[in-house]
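Asks: Okay, so the sequence shown: first residue is 1 according to the UniProt record's numbering, each after it adds one.
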Amino acid sequence: MATAISANKAELIAIANAVASEKMIDKGIVIEAMEDAIQRAARARYGAENDIRAKLDPNSGDLRLWRVVEVVEQVDDYYKQIDLKGAEKLQKGAAIGDFIVDPLPPIEFGRIAAQAAKQVIFQKVRDAERDRQYDEFKDRQGEIITGVVKRVEFGHIVVDLGRAEGVIRRDQQIPREVVRVNDRIRSLILNVRRENRGPQIFLSRAHPDFMKKLFAQEVPEIYDGIIEIKAAARDPGSRAKIGVISHDSSIDPVGACVGMKGSRVQAVVQEMQGEKIDIIPWSPDTATFVVNALQPANVSRVVIDEEEDRIEVVVPDDQLSLAIGRRGQNVRLASQLTAKAIDILTEADASEKRQKEFVANSELFQNELDVDETLAQLLVAEGFGALEEVAYVELDELAAIEGFDEDLAQELQSRAQEALDRREQAARDERRALGVDDALAEMPYLTEAMLVTLGKAGVKTLDDLADLATDELVEKKRAEPRRRGDDTPRAAPKGGILAEYGLSDEQGNEIIMAARAHWFTDEEEPVAAESADAGEEQAEGDEA
Numbered sequence: 001m002a003t004a005i006s007a008n009k010a011e012l013i014a015i016a017n018a019v020a021s022e023k024m025i026d027k028g029i030v031i032e033a034m035e036d037a038i039q040r041a042a043r044a045r046y047g048a049e050n051d052i053r054a055k056l057d058p059n060s061g062d063l064r065l066w067r068v069v070e071v072v073e074q075v076d077d078y079y080k081q082i083d084l085k086g087a088e089k090l091q092k093g094a095a096i097g098d099f100i101v102d103p104l105p106p107i108e109f110g111r112i113a114a115q116a117a118k119q120v121i122f123q124k125v126r127d128a129e130r131d132r133q134y135d136e137f138k139d140r141q142g143e144i145i146t147g148v149v150k151r152v153e154f155g156h157i158v159v160d161l162g163r164a165e166g167v168i169r170r171d172q173q174i175p176r177e178v179v180r181v182n183d184r185i186r187s188l189i190l191n192v193r194r195e196n197r198g199p200q201i202f203l204s205r206a207h208p209d210f211m212k213k214l215f216a217q218e219v220p221e222i223y224d225g226i227i228e229i230k231a232a233a234r235d236p237g238s239r240a241k242i243g244v245i246s247h248d249s250s251i252d253p254v255g256a257c258v259g260m261k262g263s264r265v266q267a268v269v270q271e272m273q274g275e276k277i278d279i280i281p282w283s284p285d286t287a288t289f290v291v292n293a294l295q296p297a298n299v300s301r302v303v304i305d306e307e308e309d310r311i312e313v314v315v316p317d318d319q320l321s322l323a324i325g326r327r328g329q330n331v332r333l334a335s336q337l338t339a340k341a342i343d344i345l346t347e348a349d350a351s352e353k354r355q356k357e358f359v360a361n362s363e364l365f366q367n368e369l370d371v372d373e374t375l376a377q378l379l380v381a382e383g384f385g386a387l388e389e390v391a392y393v394e395l396d397e398l399a400a401i402e403g404f405d406e407d408l409a410q411e412l413q414s415r416a417q418e419a420l421d422r423r424e425q426a427a428r429d430e431r432r433a434l435g436v437d438d439a440l441a442e443m444p445y446l447t448e449a450m451l452v453t454l455g456k457a458g459v460k461t462l463d464d465l466a467d468l469a470t471d472e473l474v475e476k477k478r479a480e481p482r483r484r485g486d487d488t489p490r491a492a493p494k495g496g497i498l499a500e501y502g503l504s505d506e507q508g509n510e511i512i513m514a515a516r517a518h519w520f521t522d523e524e525e526p527v528a529a530e531s532a533d534a535g536e537e538q539a540e541g542d543e544a
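If you want it as structure tokens, here you go:
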């Protein structure tokens, strides 16, 4: 019998060691799971109301089972309490209030108890394994990992990563890539989330960072930090662009990424299923970088609109299709690479646009400043495009225009300011007609024209304005670049109510906080009123 017990003990410890090794979790967790299972089985045997503990020696396999009871004068709960006389039999010197141990004999596991114990151990081991997997992969986001394709479900690829499973969702795969079960596959760890069913490891082969990491593996200079990939954009499976810069003037970043006879870039291209890669020198100058990003097209001129956060690129007529690319791919990737909306125009288009702007601005000055066509065109030719520019420019700069003198400059500024005042008054009248409260005119940065725009959008009171979020108020409109000749109707670009006025997020936040200030004032007023009432009552009491 003793031999059988020893064998059982040894077998118990061997099982714990095997499970801990297979699941790569701490042996103590397995032992703890076994103790919990034994405790549950003992409660089923002796009564669930008992406070039963089990201790399994991780080395010898010895099992101790006991019940914890409290020593009391009068027993109310026979499962968890014992009187002083009974306690003396278990532990000499026991006193009222002590918790003592009542040893229990080992139990024999029946079929149901054994199955329940097995479930408890299985659940605890599985939870520990999930925690281990999450802890192992949570800090590895952004790394490239190699796995084996386990199965393909509903277009999603499940990858065996050795100690866990990852999934490459359909939208993170390279289009038209053929993947078979048991294929080895490299991918980027995109995200790791803890969920009830276990950690979910999301992988990607379509993300631009996957291309960046591949280059870091193939180009030692990138791994060492000598060359840096500043920007990347991809059309997965078709074409990609990366902007690179060298922190060592003796090393050509483009040549280092291409490698001898293209060996380095070809290794990345093969991994990305033949995706063509344009390697572009990055530049802190936006115009230069845009010109580089639109390669292989030649660019004649770049005009940057800081307020609209857009870039207008002028190319020769014969370069238009090359700049736009097949189905707009080249300009789309360049736009993603530079994080700017890019409009492509030919020389003829740009000339026509400039002519329309010239005529429109000339008519504006003729009407608002009451000057003849020649003078209006002269102002436009000198770069003036708005009344504000004429009204608030340095007088010397205006007088320096050929044919102008100081008197004429002062008269033009005076007329421009009068025109702006008329605009302001007209906007004020329209704002009041819309029912916009005068209190909104006290808010910082808001002009009468802005208040008209707010009124048309239904924002007419301080509370209306205070309820807005910053992006709802000032977020800039962003539109996809449109190729020449594309007249397809599309939704208007979304943005904040005041997007056209070029306010910054900081200014928008300041406006909204100023509008909310009355909320806090209103909260303080009742308190002040109560204090005043209390003071009056006290004064009346003193007089009495």
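Glycine included, each C-beta is placed from N, C-alpha and C at the ideal position. Fair warning: this is a prediction, and the values are worked out from it, not measured in the lab.
Among I201, D83, I174, L104, which residue has its Cα nearest to the Cα of Y134?
Replies: Residue I201 is the option with its Cα nearest to Y134.
Asks: Which residues does DSSP pair with G243 in a beta bridge?
Replies: Paired residues: A231, I280.
Asks: Does the ligand GDP have even one heavy atom less than 7 angstroms from the beta-carbon of P236?
Replies: With respect to the ligand GDP, the structure offers nothing, as it holds no ligand at all.
Asks: Say whether the region 324-337 touches the region 234-246, bearing in mind that this needs 3 or more beta-carbon pairs closer than 8 angstroms, one atom from each stretch.
Replies: Cβ pair count under 8 angstroms is three or more, so yes.
Asks: Taking DSSP's pairing of strands, which residues face T461 in a bridge?
Replies: For T461, which the question treats as bridged, DSSP gives no partner whatsoever.
Asks: Give the C-beta separation of I279 and I242 to the nearest angstrom, bearing in mind that I take them to be a contact with Cβ-Cβ under 8 angstroms.
Replies: Right, their Cβ atoms sit about 6 angstroms apart.
Asks: Rank G325, E312, E368 by C-alpha distance to the C-alpha of A350 and give the top, closest one.
Replies: That would be E312, whose Cα lies nearest to the Cα of A350.
Asks: Helix, strand or coil for Q200? Go by DSSP, reduced to three states.
Replies: Three-state result, Q200: strand.
Asks: Alpha carbon to alpha carbon, how far is D309 from E500?
Replies: Distance between the alpha carbons of D309 and E500: 11 angstroms.
Asks: Quick one: grab the DSSP three-state call for S351.
Replies: Note: S351 maps to helix in three-state DSSP.
Asks: Determine the extent of the alpha helix (DSSP H) in which S263 is found, giving its start and end residues.
Replies: That run of the alpha helix (DSSP H) goes 263-271.
Asks: Would you mind giving the Cβ-Cβ distance between V474 and G508, rounded to the nearest angstrom? I have them listed as a contact below 8 angstroms.
Replies: Right, the Cβ-Cβ distance comes to about 3 angstroms (below 8 angstroms), so this counts as a contact.
Asks: By the three-class DSSP mapping on this structure, what secondary structure does N298 have?
Replies: The answer is coil: DSSP assigns N298 none of H, G, I, E or B.
Asks: Give the range of the beta strand (DSSP E) segment to which K150 is assigned.
Replies: Run containing K150: 144-153, per the beta strand (DSSP E) assignment.
Asks: Are the region 340-347 and the region 315-325 in contact at 8 angstroms, needing three or more beta carbon pairs?
Replies: Segments in contact, yes.
Asks: Just to confirm my understanding: we take R184, look at its own chain, exclude 5 residues before and 5 after, and list those with CB closer than 7 angstroms. What are they?
Replies: Counting only Cβ-Cβ distances below 7 angstroms, and skipping sequence neighbours, we find T146, V148.
Asks: The beta strand (DSSP E) that contains T470, what's its start and end?
Replies: Here T470 belongs to no beta strand (DSSP E); instead the alpha helix (DSSP H) covers 470-474.
Asks: Is the separation between the beta-carbon of V244 and that of C257 shorter than 8 angstroms?
Replies: In this structure, C257 lies closer than 8 angstroms to V244 by Cβ.
Asks: Alpha carbon to alpha carbon, how far is I222 from R264? Give it in angstroms, no decimals.
Replies: In a straight line, the C-alpha of R264 is about 12 angstroms away from that of I222.
Asks: Once DSSP output is grouped into helix, strand and coil, what is the label at R490?
Replies: In this prediction, R490 has a pLDDT of 45, which is less than 50 and means its spatial position is unreliable; nothing more can be read from the coordinates.
Asks: Would DSSP call S187 helix, strand or coil?
Replies: Three-state result, S187: strand.
Asks: By the DSSP assignment, the beta strand (DSSP E) with D317 in it spans what residues?
Replies: Premise fails: D317 is in no beta strand (DSSP E) and is neither H nor E.
Asks: Hey, could you find the ends of the beta strand (DSSP E) A67 is sitting in?
Replies: The residue you asked about is not Ala; residue 67 is Arg in the sequence shown. 63-72 is the span of the beta strand (DSSP E), which, as asked, contains R67.
Asks: Using CA atoms only, rank isn't needed, just tell me which of E129, K92, D51, Q74 is closest to S21.
Replies: That would be E129, whose Cα lies nearest to the Cα of S21.
Asks: According to DSSP, P103 sits in a beta bridge with which residue or residues?
Replies: Answer is W66, bridged to P103.
Asks: Exposed or buried, W519, counting other C-beta atoms within 10 Å across all chains shown (16 or more means buried)?
Replies: Counting Cβ neighbours within 10 Å, W519 comes out exposed, since fewer than 16 surround it.
Asks: Can you name, in chain order, every residue of its own chain whose Cβ lies under 7 angstroms from the Cβ of Q39, other than the five neighbours on each side?
Replies: Closer than 7 angstroms at the Cβ level, and outside the excluded window around Q39, lie I52, R53, A54.
Asks: Bridge partners for D139 per DSSP, in chain order?
Replies: DSSP, once it has assigned bridges, lists no residue as partnering D139.
Asks: Taking all protein chains shown into account, decide if A18 is buried (16 or more other Cβ within 10 angstroms of its Cβ) or exposed.
Replies: Classification of A18: exposed, given that the 10 Å Cβ count is below 16.
Asks: Assuming A206 contacts I157 under a Cβ cut-off of 8 angstroms, what Cβ separation, rounded to an integer in Å, is found between them?
Replies: With a Cβ gap of about 12 angstroms, A206 and I157 do not count as contacting.
Asks: Could you check what DSSP says for I346 in three-state terms: helix, strand or coil?
Replies: Reading off the sequence, residue 346 comes out as Thr, not Ile. Reduced to three states, the DSSP call for T346 is strand.
Asks: With A416 and L387 assumed to form a contact (beta carbons below 8 angstroms), what rounded beta-carbon distance in angstroms separates them?
Replies: Right, their Cβ atoms sit about 5 angstroms apart.
Asks: Considering only C-alpha positions, which residue in the set L56, R43, A42, G47 is nearest to V30?
Replies: Selected option, being the one with the closest Cα: L56.
Asks: Do you know how far the Cα of F122 is from the Cα of A16?
Replies: Computed Cα separation, rounded: 12 angstroms.
Asks: Whole-angstrom Cβ separation of F99 and E70, contact assumed at under 8 angstroms?
Replies: That pair is a contact at about 5 angstroms.
Asks: Thinking residue 579 and K150 are a contact (beta carbons under 8 angstroms), I'd like their distance in whole angstroms, please.
Replies: With the chain covering 1 to 544 only, the question about residue 579 has no answer from this structure.
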